[in-house]
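First up is the structure itself, then whatever we jot down about it.
Residue numbers (this note's numbering), protein chains in the order written: chain A, 190 to 343; chain B, 25 to 164.
Next comes the structure, spelled out in structure tokens:
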């Protein structure tokens with residue numbers, strides 16, 4: 190039966206949100222992120238170029254917010270399976286994020302469901318994280334899908 | 025890259041210029057450090073194999089970053105990326121080049137442009153598929 194592999198604690202936790210966490214957006218962190226993804230767009234590293242385009246400072250790459258911390262959901266909100274793969278994500282962008290910003294994150298457990306597939310029974314955990322800046326503007330949201338499964342013995 | 029792109033430049037079905045990426049194990053370590061994602065399947069071969077994987081694999085979020093670059097290189101500094109959606113269908117391994125590709129599939133009357141985007145390998149296998157919504161300035 191669908192859902193029988195999902196612990197009741199996890200089902201009950203749908204809708205729970207983490208406490209907010211403030212993050213300083215640092216110029217050096219943006220630069221290191223742009224280097225790691227090997228994206229040489231000067232808007233991420235050249236402050237005078239970014240300012241010419243009317244940004245406050247260097248701009249964060251679209252997926253930089255992935256590196257910004259969020260407070261965890263309570264400890265009991267987890268899959269009974271030990272392995273996890275990233276199923277995908279949906280970003281929505283509303284305002285730019287620049288060095289010097291303070292971004293407050295909150296993560297909500299949006300949905301949990303299971304499915305049988307290539308890796309056996311898989312529990313899907315959907316979370317949505319909201320990112321708000323120092324001017325109380327919602328700058329972005331990211332919805333992520335984590336696919337959890339129990340690895341088979343080799 | 026980073027030439028200005030305008031709404032008038034866009035036609036339905038047009039291709040987004042391909043971005044080729046050459047991920048390496050070193051890049052995975054750099055990405056782990058920069059993103060704070062230290063899940064061992066991305067740098068520890070034994071750990072990855074014990075989890076049923078063929079070897080260390082690319083972070084999904086790194087592939088997401090490649091697809092973001094496809095769009096930001098194309099739309100230039102005046103365009104806006106409004107929405108970026110990706111689904112990971114297959115695994116990508118370091119040492120195997122990937123091509124970020126896409127095309128325009130809907131132009132709305134309000135100027136919003138919807139695109140299909142994906143990552144493919146040399147053999148054409150699409151390991152990541154997605155959609156994006158962008159807006160561009162008008163020349164007028």
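Every residue, glycine too, gets a C-beta built ideally from N, C-alpha and C.
{"Asked": "Tell me the DSSP secondary structure of residue 25/B in three-state form.", "Found": "Residue confidence is low: residue 25/B scores 47 on pLDDT, short of 50, so the model does not pin down where it sits. Its coordinate-derived value is still stated next. Three-state result, residue 25/B: coil."}
{"Asked": "By a C-beta neighbour count over all protein chains shown, 10 Å radius and 16 as the cutoff for buried, is residue 150/B buried or exposed?", "Found": "exposed"}
{"Asked": "Give the residues of chain A in contact with residue 165/B, contact being defined as C-beta atoms less than 8 Å apart.", "Found": "Outside the shown range of chain B, which is 25 to 164, sits residue 165/B, and nothing can be said about it."}
{"Asked": "When DSSP labels each residue in this structure, what does residue 124/B get in the three-state scheme?", "Found": "strand"}
{"Asked": "In chain order, what residues of the same chain have a beta carbon less than 7 Å from the beta carbon of residue 281/A, not counting five sequence neighbours either side?", "Found": "329, 330"}
{"Asked": "If you run the structure through DSSP and keep just helix, strand and coil, what is residue 331/A?", "Found": "strand"}
{"Asked": "In chain order, which continuous runs of the alpha helix (DSSP H) of length 4 or greater are located wholly inside the stretch 191–245 of chain A?", "Found": "197–201, 216–225, 236–241"}
{"Asked": "Buried or exposed: residue 143/B, going by 16 or more other Cβ atoms within 10 Å of its Cβ?", "Found": "buried"}
{"Asked": "Quick one: Cα of residue 199/B to Cα of residue 59/B, how far?", "Found": "Look at the range of chain B in this structure, 25 to 164, and you will see that residue 199/B is not part of it."}
{"Asked": "Per DSSP, residue 296/A is paired with what?", "Found": "318/A"}
{"Asked": "Check the Cβ-Cβ distances between residue 200/A and every residue of chain B, and say whether any is below 8 Å.", "Found": "no"}
{"Asked": "Taking C-beta pairs closer than 9 Å, name the residues in chain B that residue 304/A reaches, listed in chain order.", "Found": "Residues of chain B passing the Cβ test: none, with the nearest at roughly 14 Å."}
{"Asked": "Apart from the five residues on each side of it in sequence, which residues of its chain come closer than 7 Å, Cβ to Cβ, to residue 231/A?", "Found": "238"}
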